[in-house]
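Okay, so here's the structure we're looking at.
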Amino acid sequence: MSSESNKPPATDHRPLTTVTIAGLKLKNPVMVASGTFGYGEEYSPYIDLNRLGAIVTKGLSIKPKMGNPTPRIIETPSGMLNAIGLQNVGIDAFVKDKLPFVRQFDVPVIANFFGNTLEEYGEAARKLSDCDGVHALEVNISCPNVKEGGIVFGIDPKAAASVISLVRKSTKLPVIAKLSPNVTDITVMARAVEDAGADAVSLINTLTGMAIDVRTRRPRLANITGGLSGPAIRPVAVRMVWQVANAVKLPIIGIGGIMTADDALEFIIAGATAVQVGTANFVNPTATMEIIDGLEKYLIDNHIADIKELVRSLNIQASH
Amino acid sequence: MSSESNKPPATDHRPLTTVTIAGLKLKNPVMVASGTFGYGEEYSPYIDLNRLGAIVTKGLSIKPKMGNPTPRIIETPSGMLNAIGLQNVGIDAFVKDKLPFVRQFDVPVIANFFGNTLEEYGEAARKLSDCDGVHALEVNISCPNVKEGGIVFGIDPKAAASVISLVRKSTKLPVIAKLSPNVTDITVMARAVEDAGADAVSLINTLTGMAIDVRTRRPRLANITGGLSGPAIRPVAVRMVWQVANAVKLPIIGIGGIMTADDALEFIIAGATAVQVGTANFVNPTATMEIIDGLEKYLIDNHIADIKELVRSLNIQASH
Amino acid sequence: MYQVKSRVIKNEEVAEGYFRLSLECPEVAEKAGPGQFVMLRVGNSYDPLLRRPFSIHRINKWSGIEILYKVIGKGTGMMAHIKAGEGASVIGSLGNGFSFTEELGEALVVGGGIGAAPLLALAEKLTGKGIGEERKVIVFLGGKSKEDILCVEEFKEIGAEVQIATDDGSLGHKGFVTELLERYLGQPQGTAPTRIFSCGPHLMSKRVAEIAKKYNTPCQVSLEAHMACGVGACLGCVIKVKGSGVRGQF
Amino acid sequence: MYQVKSRVIKNEEVAEGYFRLSLECPEVAEKAGPGQFVMLRVGNSYDPLLRRPFSIHRINKWSGIEILYKVIGKGTGMMAHIKAGEGASVIGSLGNGFSFTEELGEALVVGGGIGAAPLLALAEKLTGKGIGEERKVIVFLGGKSKEDILCVEEFKEIGAEVQIATDDGSLGHKGFVTELLERYLGQPQGTAPTRIFSCGPHLMSKRVAEIAKKYNTPCQVSLEAHMACGVGACLGCVIKVKGSGVRGQF
Ligand SMILES: Cc1cc2nc3c(=O)[nH]c(=O)nc-3n(C[C@H](O)[C@H](O)[C@H](O)COP(=O)(O)OP(=O)(O)OC[C@H]3O[C@@H](n4cnc5c(N)ncnc54)[C@H](O)[C@@H]3O)c2cc1C
Ligand SMILES: Cc1cc2nc3c(=O)[nH]c(=O)nc-3n(C[C@H](O)[C@H](O)[C@H](O)COP(=O)(O)OP(=O)(O)OC[C@H]3O[C@@H](n4cnc5c(N)ncnc54)[C@H](O)[C@@H]3O)c2cc1C
Ligand SMILES: Cc1cc2nc3c(=O)[nH]c(=O)nc-3n(C[C@H](O)[C@H](O)[C@H](O)COP(=O)(O)O)c2cc1C
Ligand SMILES: Cc1cc2nc3c(=O)[nH]c(=O)nc-3n(C[C@H](O)[C@H](O)[C@H](O)COP(=O)(O)O)c2cc1C
Ligand code: FES
Ligand code: FES
Numbered sequence: 007m008s009s010e011s012n013k014p015p016a017t018d019h020r021p022l023t024t025v026t027i028a029g030l031k032l033k034n035p036v037m038v039a040s041g042t043f044g045y046g047e048e049y050s051p052y053i054d055l056n057r058l059g060a061i062v063t064k065g066l067s068i069k070p071k072m073g074n075p076t077p078r079i080i081e082t083p084s085g086m087l088n089a090i091g092l093q094n095v096g097i098d099a100f101v102k103d104k105l106p107f108v109r110q111f112d113v114p115v116i117a118n119f120f121g122n123t124l125e126e127y128g129e130a131a132r133k134l135s136d137c138d139g140v141h142a143l144e145v146n147i148s149c150p151n152v153k154e155g156g157i158v159f160g161i162d163p164k165a166a167a168s169v170i171s172l173v174r175k176s177t178k179l180p181v182i183a184k185l186s187p188n189v190t191d192i193t194v195m196a197r198a199v200e201d202a203g204a205d206a207v208s209l210i211n212t213l214t215g216m217a218i219d220v221r222t223r224r225p226r227l228a229n230i231t232g233g234l235s236g237p238a239i240r241p242v243a244v245r246m247v248w249q250v251a252n253a254v255k256l257p258i259i260g261i262g263g264i265m266t267a268d269d270a271l272e273f274i275i276a277g278a279t280a281v282q283v284g285t286a287n288f289v290n291p292t293a294t295m296e297i298i299d300g301l302e303k304y305l306i307d308n309h310i311a312d313i314k315e316l317v318r319s320l321n322i323q324a325s326h
Numbered sequence: 007m008s009s010e011s012n013k014p015p016a017t018d019h020r021p022l023t024t025v026t027i028a029g030l031k032l033k034n035p036v037m038v039a040s041g042t043f044g045y046g047e048e049y050s051p052y053i054d055l056n057r058l059g060a061i062v063t064k065g066l067s068i069k070p071k072m073g074n075p076t077p078r079i080i081e082t083p084s085g086m087l088n089a090i091g092l093q094n095v096g097i098d099a100f101v102k103d104k105l106p107f108v109r110q111f112d113v114p115v116i117a118n119f120f121g122n123t124l125e126e127y128g129e130a131a132r133k134l135s136d137c138d139g140v141h142a143l144e145v146n147i148s149c150p151n152v153k154e155g156g157i158v159f160g161i162d163p164k165a166a167a168s169v170i171s172l173v174r175k176s177t178k179l180p181v182i183a184k185l186s187p188n189v190t191d192i193t194v195m196a197r198a199v200e201d202a203g204a205d206a207v208s209l210i211n212t213l214t215g216m217a218i219d220v221r222t223r224r225p226r227l228a229n230i231t232g233g234l235s236g237p238a239i240r241p242v243a244v245r246m247v248w249q250v251a252n253a254v255k256l257p258i259i260g261i262g263g264i265m266t267a268d269d270a271l272e273f274i275i276a277g278a279t280a281v282q283v284g285t286a287n288f289v290n291p292t293a294t295m296e297i298i299d300g301l302e303k304y305l306i307d308n309h310i311a312d313i314k315e316l317v318r319s320l321n322i323q324a325s326h
Numbered sequence: 067m068y069q070v071k072s073r074v075i076k077n078e079e080v081a082e083g084y085f086r087l088s089l090e091c092p093e094v095a096e097k098a099g100p101g102q103f104v105m106l107r108v109g110n111s112y113d114p115l116l117r118r119p120f121s122i123h124r125i126n127k128w129s130g131i132e133i134l135y136k137v138i139g140k141g142t143g144m145m146a147h148i149k150a151g152e153g154a155s156v157i158g159s160l161g162n163g164f165s166f167t168e169e170l171g172e173a174l175v176v177g178g179g180i181g182a183a184p185l186l187a188l189a190e191k192l193t194g195k196g197i198g199e200e201r202k203v204i205v206f207l208g209g210k211s212k213e214d215i216l217c218v219e220e221f222k223e224i225g226a227e228v229q230i231a232t233d234d235g236s237l238g239h240k241g242f243v244t245e246l247l248e249r250y251l252g253q254p255q256g257t258a259p260t261r262i263f264s265c266g267p268h269l270m271s272k273r274v275a276e277i278a279k280k281y282n283t284p285c286q287v288s289l290e291a292h293m294a295c296g297v298g299a300c301l302g303c304v305i306k307v308k309g310s311g312v313r314g315q316f
Numbered sequence: 067m068y069q070v071k072s073r074v075i076k077n078e079e080v081a082e083g084y085f086r087l088s089l090e091c092p093e094v095a096e097k098a099g100p101g102q103f104v105m106l107r108v109g110n111s112y113d114p115l116l117r118r119p120f121s122i123h124r125i126n127k128w129s130g131i132e133i134l135y136k137v138i139g140k141g142t143g144m145m146a147h148i149k150a151g152e153g154a155s156v157i158g159s160l161g162n163g164f165s166f167t168e169e170l171g172e173a174l175v176v177g178g179g180i181g182a183a184p185l186l187a188l189a190e191k192l193t194g195k196g197i198g199e200e201r202k203v204i205v206f207l208g209g210k211s212k213e214d215i216l217c218v219e220e221f222k223e224i225g226a227e228v229q230i231a232t233d234d235g236s237l238g239h240k241g242f243v244t245e246l247l248e249r250y251l252g253q254p255q256g257t258a259p260t261r262i263f264s265c266g267p268h269l270m271s272k273r274v275a276e277i278a279k280k281y282n283t284p285c286q287v288s289l290e291a292h293m294a295c296g297v298g299a300c301l302g303c304v305i306k307v308k309g310s311g312v313r314g315q316f
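Chains as they are written, first to last, in my numbering: chain A, 7 to 326; chain B, 7 to 326; chain C, 67 to 316; chain D, 67 to 316.
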């Protein structure tokens, strides 16, 4: 009774769900994660793209990339391993063939990209900044499937900082650094990219994993190792978001195994200003819509007028 | 037809399943993991302890430890988070009250232990070596739930090496270093403990994770963070075992999400000489027995005379 | 204690959202006592991963046990799909269960919602009587609404008196079941040794304990502990362990 | 393409380990063609996590579709537990499916084991005939044993001729189904445009392709690709994508 009456009265208006990440205003904090939503068109028959907070593209590179041999995807308990190998059409074809489709919609487009060398990161950033319809850049320094040295950027704070500084200099767009979870201390990486000029961090990318076919005694992925995603990794992702929230001031985009609104709320309460939904798109193409609705319902049910009040609201006082 | 006739004839005898880890001979490579099997008595109504490769005890310390407040355990997709906080009866009570029970069985006992300081590791190693019925020591340098500084040992190669050197000097028993997966490069840790005199490495301990109750906006574990175990982490564990197998010569004990014989085989093929079964004990107390039977069946079905032939047998040649 | 692959005899919805599962497991049944529980697992999915604890609802000594469960999440949702003839893995029986002596003359049994589950096995033992002695068993059942009042017929059949309370007044007294208990204890009492047994949600148990303090030792079973192993091996639940059995919050 | 929460009409075991699932999903049915597939999900467990692809077995234009599936692992094991009235999530219809023109005079339809599933919808369309034209449909079914020969009656009912081969000779010709196809093609042929359609295990498909090379264009559906999304979004399966539909290995 008494706790009920302490609550503020239910708001008359719909709660505010808009958030701003690095100057980019989003209708709501729910984006789709890179590599899990194609270039935007693939899921357009199933959901209204206008309702998304933002669309993050498949990881792009200067040159088109064929990716790895198959099998590229296998299922694991409550997760999946992928070793797509960053297959993509290349930035030029993206701008020419893919961007016009998503530009039709009222949704910010965040271009996820990577380079095989430091210089390529700069060049890609410049190219993407020049085209019409890209609203922010997400720098993938963390893909575990590139063998050309890309991995180094994601796990070494100095290398990560050098990539982000260069990208920062090469674009006027907001720069989001996407962090790898395959590190001892994610806060060191977050601080490094913060100092190097990133406007936001997104985390986590996939955990490196592996599975073996015991009949053939061969790896189940042609690439041997791959990236683990899905609900299995969510506890690790939430922990890292919480750690980073306690270490840097940058806005955080939380990613990893988000399937439902409650999952998204875990990340937001832990410290994320926005979230990305990845593997869930495959399982349930309407997951993002359900999450957006679920967040709004949570705000109403809990008498919260603005979703920003939830960000970093974790209460760690012992309860007894 | 032709591939069939290329196979060696089925062995007349039962295949060999014995393995040797750091001089310790095991009937078979299947142990129970620390903290998931109590002190041995708890599961004795359900399985024949004599059939186990070895029993690893709950993590022991010089002084008894109360552990963390509850909730200490929560379920996550295909996994669980625990923050027991290394509750244990202490080495003296273990020797007096617990060891006599397991000593009745024909099974090697591996004492898992930890210290809050470097000195405590040495003292604990000495104490455990003096008592009758402990056959090897597993040094937990990696528990994420000890806040007194214990975590440092597990993620810093120099600190890990200093612990292992000291333990090495303090005992004549085989020394197994148990590694944390919460590091950028597990091979660096494995090499550090190899150089410091470890006889074997066991991996992985739990991944640090976290979960939030979105109704109360509190952590679901009283300790805030906990260790993720179970099938969810298996792909990460298999990957790390494979990496370590390519980096050190030490025998490896593979741990992480093993539920079935096929899971155990993944680790063995990746490079583990033996395995430990943890969370699976809770789900299926007879898991170890089924795994032991399943390994033997696999050897027979695949015409393999000795399980040692399987260790590090992963074929990474492209198949097409 | 055993781990058995038991066969499902029957799995039927006895009320909206409540199922009764009959399991063939003579070994477990033989040793089982009221207030004890089993750890159950159906299917082979790893989500949910852990076994689920369920009180023993009824014991059929030579054949098996029954479980009464409420569907609330993934685990119980999967249980609701199990068909007769299929397998379920049972670990049990665990916990020390309810205890009373032959001399007990009057038993006041208080159940809230699904908390009625273990009380049927208890009532069956209580009404089984002592050595030639007469024993009075009153069962107080509470719940949100009439759908949450379980096993009334079963309790009556074995000779227990049943008193009912619902929050919405759709059946019996409108109010808390503990009010019925208090009213009863407020009346002039006989001299027979009396004991209260209860199982239900946390708040109900607390109130029972308060009431019982004045009159007798309460004996409670909590259905709200989170358990990973159920046998004392994981140290996840901070419970007193006796032998290798988990004591629950008695 | 739609994602729909469809209602299960029926889910019955039609042969040991083989089930037929009828789903109410008029939107999907309306656009569906033979050789297309749907991505299915039942329950809310995350293990298995991904949807499972199933060929459209039969199309009931105004109401829904049928799936014929073999229980082999966790996903299909869970499907076998779904009851009429419950929900299943369907994404479809996906893939380009089988194609043929009105002129087609003779269709040789080859199915191995569960590969028969998509062939019934195909045969129904094939026997539906062209504009006033007569069309011959011969269905060649192969399997390990007679239990693996599916839908013989259904194929016959719609007017197809059925030829059977089993590895163990328990039904029809003892040997491979491709031997029946070869034997048939070895006989003197008419002049009607002929086409081979096939669906089955990898080795069978390979052999069909070899045989077909001499005679015609084969058209194959593989049931062995691992798919995460089924719609071209994950790039997990290296398949040609047309529009947003996945082409499968046709
Ligand atoms: C000793 C004991 C005896 C019990 N006896 C019965 C009984 O006879 N009949 C009955 O219907 N229920 C009983 N329960 C409660 C039952 O175990 C839970 O309802 C069940 O585990 C929920 O599983 P789920 O997967 O359907 O729900 P979940 O999806 O796991 O969770 C739904 C809700 O149930 C809670 N829950 C989850 N796991 C547990 C757990 N291990 N223990 C308690 N709560 C949990 C969660 O916190 C959540 O609020 C008993 C519990 C205990 C500890
Ligand atoms: C386009 C297409 C159409 C299909 N149509 C049918 C059909 O009509 N009827 C039918 O019974 N089956 C069909 N299949 C196969 C069916 O998808 C698999 O049998 C099913 O996914 C197995 O799921 P499971 O969880 O029971 O098995 P799992 O436990 O996942 O695995 C058991 C075995 O099945 C294989 N498998 C797992 N997932 C897939 C997958 N996504 N695709 C293919 N194989 C897999 C595994 O490698 C393993 O060998 C089709 C597959 C494809 C690609
Ligand atoms: C099939 C697949 C492809 C991916 N491709 C990319 C990519 O190109 N660039 C990138 O930064 N992340 C990529 N990711 C990682 C996701 O964006 C996301 O960080 C990760 O999957 C964790 O989120 P989830 O658990 O919600 O999927 C990919 C993930 C998957 C499953
Ligand atoms: C409840 C619980 C308690 C544990 N306690 C210890 C411990 O005391 N010492 C230790 O080295 N590891 C401990 N572990 C880690 C396990 O030994 C094992 O490394 C880990 O759980 C991964 O294996 P699994 O996935 O098979 O459980 C514990 C794990 C669990 C689940
Ligand atoms: S549930 Fe494991 S000790 Fe209580
Ligand atoms: S299954 Fe995702 S692209 Fe084919």
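Where a beta carbon is used, it is the ideal one built from N, C-alpha and C, also for glycine.
DSSP on T294/A, reduced to helix/strand/coil?
helix
Would you report the Cα separation of S135/B and E126/B, rounded to the nearest angstrom?
14 Å
Report all residues from its chain with a CB closer than 8 Å to the CB of V152/A; omit the five preceding and five following residues, and keep chain order.
Residue placement at V152/A is flagged as unreliable, the pLDDT there being 49, under the threshold of 50; the coordinate-derived value follows with that caveat. Hits under 8 Å: G91, L92, F120, N122.
Going by the C-beta, is I138/D closer than 8 Å to any heavy atom of ligand 2?
yes
For the stretch 85 to 105 of chain A and the stretch 126 to 141 of chain D, state whether three or more C-beta atom pairs, one from each stretch, are separated by less than 8 Å.
no
Quick one: residues in its chain with C-beta nearer than 6 Å to the C-beta of A275/C, no 5 flanking neighbours on either side, listed in chain order?
P284
Mind checking if S235/B is an interface residue toward chain D, Cβ cutoff 9 Å exclusive?
no
Out of F263/D, R117/D, M144/D, state which residue places its alpha-carbon closest to the alpha-carbon of A183/D.
F263/D
With 7 Å as the C-beta to C-beta threshold (strictly closer), list the residues of the stretch 252 to 269 of chain D near chain A in chain order.
none
Measuring only from the beta carbon, is L92/A closer than 8 Å to any heavy atom that is part of ligand 6?
no
Chain D contacts made by the stretch 100 to 115 of chain C, where a contact means CB separation under 9 Å
G109, N110, S111, Y112, D113, P114, L115
Given that R117/D touches chain A, what residues does it touch there, using C-beta distances under 9 Å?
F288, V289, N290
Is the beta carbon of M86/B within less than 8 Å of some heavy atom of ligand 5?
no
Which listed residue (G260/B, K69/B, D103/B, S84/B) has its alpha carbon closest to that of A183/B:
G260/B
To the nearest angstrom, how far is it from the Cα of S84/B to the Cα of L237/D?
44 Å
Neighbourhood of V242/A by C-beta, 8 Å cutoff - its chain only, sequence neighbours within 5 removed
P187, I210, L213, G262
Taking all protein chains shown into account, do 16 or more other C-beta atoms lie within 10 angstroms of the C-beta of E154/A, making it buried, or fewer, making it exposed?
Low confidence applies to E154/A: its pLDDT is 46, below 50, so where it sits in the model is not reliable enough to give any reading.
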